[in-house]
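Written below as structure tokens is the structure these notes are about.
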Amino acid sequence: MITVDNLKKDFGSTQVLRGVNLNVSEGEIFVIIGPSGQGKSTLLRTIDTLEIPTSGDIKIRDESLYSNGDSRHHDIRKKIGMVFQNPAIFQGTVFENVAYGLRFRKISSRDMHERVSQTLREVGLEGYEKRVARSLSGGEKQRVAFARTMVTRPEIILLDEPTSNVDPITTEKIEEIIHYTRDTYNTTIIMNTHDMLQGQRMGDRIGVMMNGRIMQAGTPKEIFTLPANGDIARFVGFENVFDGEIRKNDAGTAVIRSGTTEIYGETLFSVGDTVTWCIRTEDMHLHMKVAYEGHTDNIRNHLRGTVTGIALVGPRHHVMVDCGILLELVVSWRFADRVKVKPGDHVRVSFNPEAVHVMPR
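All letters in the sequence shown, in the order written, are residues 0 to 360 by numbering that gives the first Met the number 0.
And the structure:
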């Protein structure tokens, strides 16, 4: 449906898009996440032809939007709608705002009124036709902007941080509208968000954008459990990310050395390879008994260390343990209260090799 091919965009001497490659299928919700200032909004604006790329191309159903930097095929452009983080709400009524795009299409007044009324029902604003648009709440204005885009039935909708300025209840409603639009009209949707949990909820696939490129694209499970490199791992929430070297590999279970610490991890990297490995806080266990008595489980990693810090985050305690490498793990507040864990305690940390994700460095 949408193919972005080696797209580059410079603003003066600043490179914002540095060769973006992306394929989005028809009817897919593709969510782009990444740190601020990495080109997410610029990419959407370029797909929407609001920005002209320095080089590269975008194709919609194999038809090019750009040739030698010039926007072409106005009929293709009419298939795209965009909702901004801070959408412009025009003077006048809600009806006039929502009907705006229909006035440029050959549609009867009767059909226009029916289409606007139907779309307002779909976004939860039934009966708002005569309301003054600029008098509405922020969440209602955002839904008016959605309706204005949806009413023309675009094949593609681009959403630039659509819920960043609204409350949780409105966020939930807008997410419902997004899924309804895709499911009802088979609309292809590309969405930017800083909310990684929203990305997991909404995306059929997710792309991680860093340094002006899509560094990894995959299902939410792939992105959040199998990051492609250390930078992505840190961004998607791995608190424990370390460089290391493969010292031994026995049928896919490797010994990885980081500094003076050795751990077991499952990987096909070869002896001598330099790697980055990561593990999530919830995949490790804290033991107040330092000695390991050789239980008959398959937990092969048992590291002795010293508690260096504890922080209460919501219902859980984050415990920092110096095991030669500084590990962060989580325990329930009940566990922390029962064992009275505190800085200076000598403890043991255990985890399974399969909980370790190994990446190229």
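All C-beta atoms, glycine included, are put in the ideal place defined by N, C-alpha and C.
Residue i - partner residues in DSSP beta bridges
i, result
"residue 245", "255"
"residue 263", "254"
"residue 300", "350"
"residue 63", "58"
"residue 357", "276"
"residue 32", "207"
"residue 268", "Answer is none; residue 268 lacks a bridge partner."
"residue 215", "207"
"residue 80", "156"
"residue 319", "308, 327"
"residue 6", "19"
"residue 92", "131"
"residue 239", "278"
"residue 14", "9"
"residue 1", "23, 59"
Exposure of residue i, with buried meaning 16 or more beta-carbon neighbours within 10 Å
i, result
"residue 154", "buried"
"residue 75", "buried"
"residue 10", "exposed"
"residue 356", "buried"
"residue 247", "exposed"
"residue 82", "buried"
"residue 172", "buried"
"residue 359", "exposed"
"residue 40", "buried"
"residue 279", "buried"
"residue 250", "exposed"
"residue 159", "buried"
"residue 191", "buried"
"residue 290", "exposed"
"residue 350", "buried"
"residue 211", "buried"
Cβ separation of residue i and residue j, assumed to be a contact under 8 Å, to the nearest whole Å
i, j, result
"residue 195", "residue 240", "16 Å between Cβ atoms; not a contact."
"residue 101", "residue 111", "5 Å"
"residue 7", "residue 18", "6 Å"
Simplified DSSP state of residue i, which is helix, strand or coil
i, result
"residue 53", "coil"
"residue 283", "coil"
"residue 290", "coil"
"residue 343", "coil"
"residue 198", "helix"
"residue 338", "helix"
"residue 97", "helix"
"residue 45", "helix"
"residue 224", "helix"
"residue 85", "coil"
"residue 229", "helix"
"residue 193", "coil"
### Message
Which complete beta strand (DSSP E) runs does the segment 103–190 hold, if anything under 3 residues is left out?
### Response
For the segment 103–190, whole beta strand (DSSP E) runs of length 3 or above, ordered along the chain, are 155–159.
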